[in-house]
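Worksheet: one structure, shown below.
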Amino acid sequence: MSRVIKIDPVTRVEGHGRVTIHLDDAGHVADARFHVVEFRGFEKFCEGRHFSEMPTLTERICGICPVSHHLASAKAVDAICGVQPTPTARMLRELMHMGQMIQSHALSFFHLSSPDLLLGFDSDPATRNVFGLIAANPELARKGIRLRKYGQQIIAAVGGRKIHPDVCVPGGMNRALDPEDRGALLAGVEEALATTRLGIRVILDYYAKNEKFVRTFASFPSNYMSLVTPEGNLEHYDGLLRMIGPDGTRLEDFYDPASYLSFIAEATEDWSYLKFPFYRPQGYPDGSYRVGPLARLNACDAAGTPEAQKELDKFRKLGGGKPVEGSLYYHYARLIEVLFGIERVQQLLNHPDICGQELIAESTQILPEGVGVIEAPRGTLFHHYMVDEGGAIERVNLIVASGQNNAAMNRAVTAVAKQYVKVNGKGLQEGMLNKVEAAIRCYDPCLSCSTHAVGQMPLVVEMFDCEGQLLDRLERD
Amino acid sequence: MAKKRIATVWLCGCSGCHMSFLDLDEKLIDLAALADIVASPVADVKEIPECDIGLVEGAIANEENLHVLQELRAKAKVLVSLGDCAGFGCIPMLRNQFKNEEVLDRAYVLAESNALGSVPDQEVPALLPKVRPIHEYVEVDAWIPGCPPSPEAIWQAVSALLTGKPAEEPVLSYD
Ligand code: SF4
C-alpha cells in the first residue's frame, strides 16, 4: 500500500513551508517535496516607482536579512547612476553587511538549530526551541542571544535602525559613523569572538559524537556558486562569481555578476511558489547548484582573515580534497563565517577613514539598467532593475539566495525521508519528521525572501501512493 | 500564579516584526519567566492551542492566512495586531493596484531569468482578490504600530498585557 505523509508548517525556519513525502507500493519512500506556499509580488508592484526608493522598499522583502536586500538594491541603483560609492561609504556598507551576517547566522545556529543538536531531534516538541534552550542551558542561550544582539548593534550604528535601515542612497550613504559607536563596537569584539569559538566547540563536539549520522545526513554531490574577491578569497559584499562542480572543478570563474542572465536561468514547478534556478549550460534539473556558507567555503581559495583561515583549513579536511557535501556541515561553515565577519568588523572599524564624512559620489546620469549582486547570509542575491528616462522602474527581476538552494533542499528532504521515515507497525513518529525538517533547517531557508514573489511556507508531511492518491497526512500538534 | 500563554503567527509579512520581537534580547529570558510561548514560527508546535495573548504579524493575502487568523482569533483571549502589515496592510497591499494574474505572470512567466514552467497552482494556497489588514476579518483588541514596531514598544504592550498594569508613557517610536 502506498501513501503520502505531510509536515505542515515546517517550523523554526524563517518562513512558510510544507513537506510532502511520497511512498511507493511497498511503503518505502519514493520522493519528497518541499513546498513554499506564500507569495507577495514585489516584481510587479515596484513598477512605476522611482528607482531611488528601491533600497527602502525592497528590504521589506525580508526582516531577517533586510540589510542584504538594502545593499543589493543600493548596488543596482549605483549602477543606474553609473557611480561607485566613496571609499568610506563602501566600507560602511561592508561593515553593516558583516553585522547582518553575524546576527543572521547567530539566529540560525543558536535560536533555531541548536535546540535539535543540544536537546535532541526526538526531544519534546513543546520545548524544542530557544525558550527550551533558555531553560536547559541558560548560559549558552544568553551568549547566543548576545551574539545576535552584537550583529544588530552594528547594523543600528551604521544604518540607524536594527531592522529596515534607511541609510543607503544612490552613490553612497546618508549618515556617517559616530566615533562613540565605533568605540562601543570595538569593545564588543572579544566577547563576540569568544561566543563564536564556543559555538564552534559545540558543533564539533556534536559531530564527533554523532560521526556517522553527520557524515551521511543529506549528503550528496552538487555544483556550488559564490562571489569571490579578484584574488579568489571569501567575499560577501562585492567581487566576481565562481561556479564549481561536484569535484571542485571551476565551471565559471571571475564572471561579471552583471551578466548573470547568460549563465543562470530559473524553472518553476507547479507545487511551489519558490522558483528553481539552475546553471544554464547544464539545463534543469542537472544544473542545480548550492549557495550559502557551505558553497562559499567550498568555492573560495582562502578566507582572508587569520582565525577564519585556521578554521577553514580544518573544514577542508572534512572533504578530503573535494568540496564538503554533508548538509549538516552548513552549521560549521556558518560559524566559520561568523568568525570571518567579526574579524572583518574589527579591521573595518580600525580603518582611519571609517568615520569619514565623504559619503556620497555625485551623479546626474540615469542609465537604463542596473544589476546589484551580493552574498546574503543564505547565498548569492541578485537585484536587477530597468528604468525609463525619468528613473521610473519599468521591470524588476530578483533571484534570492534560498531559491538557489531549492533543488538541494528537495534533494535533502528526499534523502532524509528515505533514510529515516519508516512506516512500520508503530506508525509515523514525530522525531522522524523533525529530522526531515532539520534537513531543511541546515539550509536556513529564508522563506520570507523566497516568497517576495507572492508567498509563505508551512511544513506538512503527506503520504501519497504511486498513483498520486493522498493516503495520509501528518500535522503535529 | 499560572504562567500566561502567548502564541505568535506570521502571515503575509516579512518576518521583521518577529525579528523585532527577538530584539528583546536578554528580555526574552525575563519573558520566559512570565509566560510560555505556546506556538510560534520559532517553536515547533504546529496547531494553535488556547492562549491568553495572540500576536499577529502580516496582512491577509491568501486563503491560508485567513484560516490561520480565524483559528488564532478563536483560541486567543486577547488578539494583538503587531506591525503595519497586520494593522494597515502596508507593503503587501501595494499588490492591490494590479490583478492577481498580472502579479503572478510577472513573477513566474515574464521574469527575465525564467526559462521553464508556469504559474504554480498545485499545493499552494490561492491568493485572495485583494490584500487586507486583519481587522477587516476579525475583531482586534490591541494594535502595536511600526514597520517594524520597536522592541521597546513590543515589550511595553506585552508586559502590560501580562501584568495587567498599563504603561505610564507609551513608547511608540517610528525611529
Ligand atoms: S510591518 Fe514592516 S516589519 Fe512588520 S511584517 Fe510588515 S513590512 Fe515587515
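Line by line, the protein sequences give chains A and B. Reminder that position 80 of the first sequence reads as 60 in the numbering used here, one-by-one numbering, no gaps. Counting the second sequence from 1 gives a position; the numbering used here is that position plus 2. The beta carbon of each residue, even a glycine, is placed where N, CA and C say it ideally should be. These numbers come from a predicted model, not from an experiment.
Measuring alpha carbon to alpha carbon, tell me which residue in the options is nearest residue i.
| i | options | result |
| --- | --- | --- |
| residue 359 of chain A | A:72, A:84, A:66, A:-1 | A:84 |
| residue 30 of chain B | A:128, A:2, A:217 | A:128 |
| residue 50 of chain B | B:10, B:84, B:36, B:101 | B:10 |
| residue 133 of chain A | A:165, A:124, A:113 | A:165 |
| residue 12 of chain B | B:86, B:33, B:37 | B:86 |
| residue 247 of chain A | A:232, A:90, A:234, A:268 | A:268 |
| residue 126 of chain A | A:179, A:281, A:396 | A:179 |
| residue 392 of chain A | A:140, A:160, A:73, A:306 | A:306 |
| residue 8 of chain A | A:183, A:414, A:400 | A:400 |
| residue 169 of chain A | A:216, A:328, A:363 | A:328 |
| residue 458 of chain A | A:150, A:122, A:156, A:214 | Any property of residue 458 of chain A remains undetermined from this structure, which presents chain A solely from -19 to 457. |
| residue 75 of chain B | B:137, B:159, B:127, B:158 | B:137 |
| residue 140 of chain A | A:107, A:73, A:91 | A:73 |
| residue 372 of chain A | A:14, A:2, A:6, A:25 | A:25 |
| residue 66 of chain A | A:195, A:156, A:297 | A:156 |
What whole-angstrom Cβ distance do residue i and residue j have, given they're in contact under 8 angstroms?
| i | j | result |
| --- | --- | --- |
| residue 249 of chain B | residue 121 of chain B | Coverage of chain B is limited to positions 3 through 177, which leaves residue 249 of chain B absent and any answer about it impossible. |
| residue 385 of chain A | residue 271 of chain A | 6 angstroms |
| residue 88 of chain B | residue 151 of chain B | That belief does not hold up - the Cβ atoms of residue 88 of chain B and residue 151 of chain B are roughly 10 angstroms apart, past 8 angstroms. |
| residue 82 of chain A | residue 131 of chain A | 3 angstroms |
| residue 80 of chain A | residue 357 of chain A | 7 angstroms |
| residue 302 of chain A | residue 219 of chain A | No, residue 302 of chain A and residue 219 of chain A are not in contact; Cβ-Cβ is about 23 angstroms, not under 8 angstroms. |
| residue 148 of chain A | residue 51 of chain A | 7 angstroms |
CA-CA distance, residue i and residue j?
| i | j | result |
| --- | --- | --- |
| residue 257 of chain A | residue 379 of chain A | 8 angstroms |
| residue 351 of chain A | residue 56 of chain A | 4 angstroms |
| residue 346 of chain A | residue 27 of chain B | 43 angstroms |
| residue 361 of chain A | residue 226 of chain A | 22 angstroms |
| residue 312 of chain A | residue 173 of chain A | 15 angstroms |
| residue 78 of chain A | residue 145 of chain B | 33 angstroms |
| residue 141 of chain B | residue 164 of chain B | 20 angstroms |
| residue 19 of chain B | residue 33 of chain A | 21 angstroms |
| residue 460 of chain A | residue 105 of chain B | Past the boundaries of the shown model lies residue 460 of chain A; chain A is included only from -19 to 457, so the question cannot be answered. |
| residue 434 of chain A | residue 340 of chain A | At residue 434 of chain A the pLDDT is 29, less than 50, meaning the model places this residue with poor confidence; the figure from the coordinates comes in the next sentence. Taking the straight line from one Cα to the other gives about 34 angstroms. |
| residue 326 of chain A | residue 0 of chain A | 45 angstroms |
| residue 171 of chain B | residue 119 of chain A | 33 angstroms |
| residue 420 of chain A | residue 387 of chain A | 11 angstroms |
| residue 460 of chain A | residue 135 of chain A | Nothing can be reported for residue 460 of chain A, as the shown portion of chain A is limited to -19 through 457. |
| residue 113 of chain A | residue 103 of chain B | 45 angstroms |
| residue 236 of chain A | residue 370 of chain A | 27 angstroms |
| residue 44 of chain A | residue 24 of chain B | 11 angstroms |
| residue 383 of chain A | residue 260 of chain A | 15 angstroms |
| residue 86 of chain A | residue 348 of chain A | 39 angstroms |
| residue 249 of chain A | residue 241 of chain A | 20 angstroms |
| residue 416 of chain A | residue 396 of chain A | 6 angstroms |
| residue 424 of chain A | residue 381 of chain A | 10 angstroms |
| residue 130 of chain B | residue 200 of chain A | 39 angstroms |
| residue 365 of chain A | residue 154 of chain A | 22 angstroms |
| residue 150 of chain A | residue 276 of chain A | 28 angstroms |
| residue 189 of chain A | residue 97 of chain A | 11 angstroms |
| residue 41 of chain B | residue 192 of chain A | 33 angstroms |
| residue 41 of chain A | residue 217 of chain A | 19 angstroms |
| residue 175 of chain A | residue 32 of chain B | 21 angstroms |
| residue 37 of chain B | residue 8 of chain B | 7 angstroms |
| residue 155 of chain B | residue 173 of chain B | 5 angstroms |
Are residue i and residue j touching if we call contact CB-CB under 7 angstroms?
| i | j | result |
| --- | --- | --- |
| residue 245 of chain A | residue 115 of chain B | yes |
| residue 81 of chain B | residue 56 of chain B | yes |
| residue 54 of chain B | residue 5 of chain B | no |
| residue 133 of chain B | residue 91 of chain B | yes |
| residue 273 of chain A | residue 314 of chain A | yes |
| residue 162 of chain A | residue 422 of chain A | no |
| residue 205 of chain A | residue 138 of chain A | no |
| residue 68 of chain A | residue 338 of chain A | yes |
| residue 38 of chain A | residue 53 of chain A | yes |
| residue 288 of chain A | residue 319 of chain A | yes |
| residue 117 of chain A | residue 95 of chain A | no |
| residue 83 of chain B | residue 58 of chain B | yes |
| residue 94 of chain B | residue 63 of chain B | yes |
| residue 168 of chain B | residue 159 of chain B | no |
| residue 389 of chain A | residue 101 of chain A | no |
| residue 285 of chain A | residue 317 of chain A | no |
Is it the case that the stretch 31 to 48 of chain A contacts the stretch 57 to 70 of chain A, given that we only count it when at least three CB pairs across the two stretches are under 8 angstroms? yes
Tell me, please, whether the stretch 278 to 285 of chain A touches the stretch 195 to 209 of chain A by the rule of three or more beta-carbon pairs shorter than 8 angstroms. Yes: the two stretches touch, three or more of their Cβ pairs being nearer than 8 angstroms.
Would you check if the stretch 94 to 102 of chain B and the stretch 66 to 75 of chain B touch, i.e. whether three or more CB-CB distances between them fall below 8 angstroms? no
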